[in-house]
Amino acid sequence: MMTELTLEKFEEAAEIVKKVTLPTNLIYSDFFSRQCQNRVYLKPENLQTTGAYKVRGAYYKTSQLSEEERAKGLITASAGNHAQGVANAAKLYGVKATIVMPVGTPLIKINRTKSYGAEVVLHGDVYDDACTKALELAKEHGYTFIHPFDDLEVATGQGSVAMEIIKELPTVDYILVPIGGGGLAAGVSTLAKLINPHIKVIGVEPADAACMKASLNAGEIVTLPSANTIADGTAVKTPGSVIFPYIQKNIDEIITVADNELIGVFLDMVENHKLVCEGSGLLTIAALKHLNCKDKKVVSIISGGNMDIITMSSILQHGLIQRGRIFTVSVLLPDKPGQLEKVAGTIADAKGNVVKLEHNQFVSTNRNLEVELRLTVESFGEEHKQQIVDRLREGGFKPKVTKRTSL
76 MMTELTLEKF EEAAEIVKKV TLPTNLIYSD FFSRQCQNRV YLKPENLQTT GAYKVRGAYY
136 KTSQLSEEER AKGLITASAG NHAQGVANAA KLYGVKATIV MPVGTPLIKI NRTKSYGAEV
196 VLHGDVYDDA CTKALELAKE HGYTFIHPFD DLEVATGQGS VAMEIIKELP TVDYILVPIG
256 GGGLAAGVST LAKLINPHIK VIGVEPADAA CMKASLNAGE IVTLPSANTI ADGTAVKTPG
316 SVIFPYIQKN IDEIITVADN ELIGVFLDMV ENHKLVCEGS GLLTIAALKH LNCKDKKVVS
376 IISGGNMDII TMSSILQHGL IQRGRIFTVS VLLPDKPGQL EKVAGTIADA KGNVVKLEHN
436 QFVSTNRNLE VELRLTVESF GEEHKQQIVD RLREGGFKPK VTKRTSL
């Protein structure tokens, strides 16, 4: 068993994981570079074979097991990405895999894990609950447990991400890495500092699941009471104790990001880079605007892209609403012919597009005096939205924009 993260082992892992990884060359982002006044590059691990970087650590760890350990069957707990990594490794080595996943794991991650031939057990609300169950099953059946992050060999495999970044961009100044339990952050930060101590490595956590930041502030492992975030891959209440000293030594700063920041960034990635990224993968993109630097070469690691269609649809809707590109406005009208046409014409003249219309005749006891017309309108953004509302007001319709969180 590995007792220390070393450059020799990182180099070994970088070669071994090439058997199961696809090239994820850096993508220069002109869009995000302009936004944060740095030179931003994306490391798109969402394009990996399993849709996430986790395949690296899972495969390297499995390669380091004895034949006897593998033959017992592998087991792990995961919110989805590590699950696919272990399931894939087990399939390649021809051994059994059992994966325990939280009940709320996105369907795409469950189905893809099963597609590798693994048995999936759903248990608990978050990763920590699933992990407890996995350890129970490992003890009961004698399976070999592969921890998703609190394992030095797993962290070494994940560190191959940094090896590729530095080989492709030797003059990188900052690397932004998402943190859930800390395996990726430990591997990336440790290898980066071994190669070039001047590289700044910034960890990024969801604001409502920032277990690593709490632990660093306390100087010891802290367990959060809850970990509620749309970045389900980083919804961890307790960080890894084995990798914690490496985080303490090598992570320069931790930035926390609120869930609502991830929503708009999802739209930005789809529209500007045609990339679908899950919540955890968006953390390092959202963190760009929080960086306290200018004119630096910054790499954001996009950890994964496994998002189910329902979640994707919900985030898209919320993003459009959040940015004023979809909004709902109510007007009161006399119930007589021609009024709807006037409202629709006013919105059309302002280049707005009505996507939904609701007519409420019972808003007043005297419907001849007034009825409510509620319109869901598509605009180009907040400025255009205000122009449409102003045009309605100028037409004498007394518009009222109503708060709406979905279409």
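Going by this note's numbering, the first residue of the sequence shown is number 76, and it counts up by one from there.
Virtual Cβ for every residue (Gly too), placed ideally from N, Cα, C.
The structure displayed is predicted, hence computed values, not measured ones.
- Comparing alpha carbon positions, the residue from 360, 327, 241, 326 closest to residue 340 is 360.
- Taking every protein chain shown into account, the CB of residue 423 has fewer than 16 other CB atoms within 10 angstroms, so this residue is exposed.
- Residue 384 counts as exposed, since fewer than 16 other beta carbons sit within 10 angstroms of its beta carbon.
- Residue burial annotation: residue 379 is buried, with at least 16 other C-beta atoms found within 10 angstroms of its C-beta.
- Just measuring C-alpha positions, the residue of 124, 236, 327 sitting nearest residue 278 is 327.
- Each of 447, 463, 346 was checked against the Cα of residue 453, and the nearest Cα belongs to 463.
- Burial is judged here by how many other beta carbons sit within 10 angstroms of a residue's own beta carbon; residue 187 has at least 16 and is buried.
- Residue ranges of uninterrupted alpha helix (DSSP H) with 4 or more members, entirely inside the stretch 331–396 and ordered along the chain, are 334–348, 354–361.
- Per DSSP, residue 408 is one residue of the beta strand (DSSP E) stretching across 401–408.
- Only residues of its own chain outside the window of five on either side were considered, and among them 84, 139, 227, 228, 231 have a CB closer than 8 Å to the CB of residue 77, listed in chain order.
- Ranking 167, 193, 154 by CA distance to the CA of residue 181 puts 154 first.
- Non-local beta-carbon contacts of residue 234 in its own chain, meaning distances under 7 Å to residues more than five positions away in sequence, involve 85, 88, 262, 263, 265, 266 in chain order.
- DSSP, read as helix, strand or coil, puts residue 454 in coil.
- Taken atom to atom, the span from the alpha-carbon of residue 316 to that of residue 296 is near 7 Å.
- Per DSSP, residue 191 lies in no alpha helix (DSSP H) segment and is marked neither H nor E.
- The residue among 471, 164, 248, 387 with its C-alpha nearest the C-alpha of residue 369 is 248.
- Where residue 97 is concerned, there is no enclosing beta strand (DSSP E), because DSSP gives it neither an H nor an E.
- Distance between residue 207 and residue 458, taken at the CA atoms: about 50 Å.
- Residue 195 places its beta carbon 8 Å or farther from that of residue 183.
- Apart from sequence neighbours up to five positions away, the residues of its chain that approach residue 307 with a beta-carbon distance below 6 Å are 154, ordered along the chain.
- In this structure, the beta-carbon distance from residue 225 to residue 329 does not fall below 8 Å.
- Taking residue 342 as the centre and dropping the five residues before and after it, the same chain places the C-beta of 394 closer than 6 Å to its C-beta, in chain order.
- When only Cα atoms are considered, residue 125 and residue 159 end up about 6 Å apart.
- In this structure, the alpha-carbon of residue 376 lies about 18 Å from that of residue 93.
- Residue 472 places its beta carbon less than 8 Å from that of residue 418.
- Separation of the CB atoms of residue 433 and residue 449 is rounded to 4 Å, and the pair is thereby assigned contact status at 8 Å.
- Look at the beta carbons and you see the stretch 161–181 touching the stretch 201–216: at least three pairs across the two are nearer than 8 Å.
- Three or more pairs of CB atoms, one per stretch, sit closer than 8 Å, so the stretch 114–128 contacts the stretch 95–103.
- Of all alpha-carbon atoms in 451, 242, 110, 362, the one lying nearest the alpha-carbon of residue 404 is that of 451.
- According to DSSP, residue 258 shares a beta bridge with no other residue.
- Taking a C-beta distance under 8 Å as the contact criterion, residue 240 and residue 276 do not qualify as a contact pair.
- Here residue 474 has 404, 405, 406, 464, 467, 468 as same chain residues with Cβ atoms under 8 Å from its own Cβ, once five neighbours each way along the sequence are excluded.
- The C-alpha of residue 141 is placed about 24 Å away from the C-alpha of residue 156.
- Within the same chain, Cβ atoms closer than 8 Å to the Cβ of residue 456 are found at 398, 399, 400, the five residues on either side in sequence being excluded.
- When the five nearest sequence neighbours on each side are left out, the beta carbons in the same chain lying within less than 6 Å of the beta carbon of residue 269 are those of 82, in order along the chain.
- In the DSSP assignment, residue 287 forms no beta bridge with any residue.
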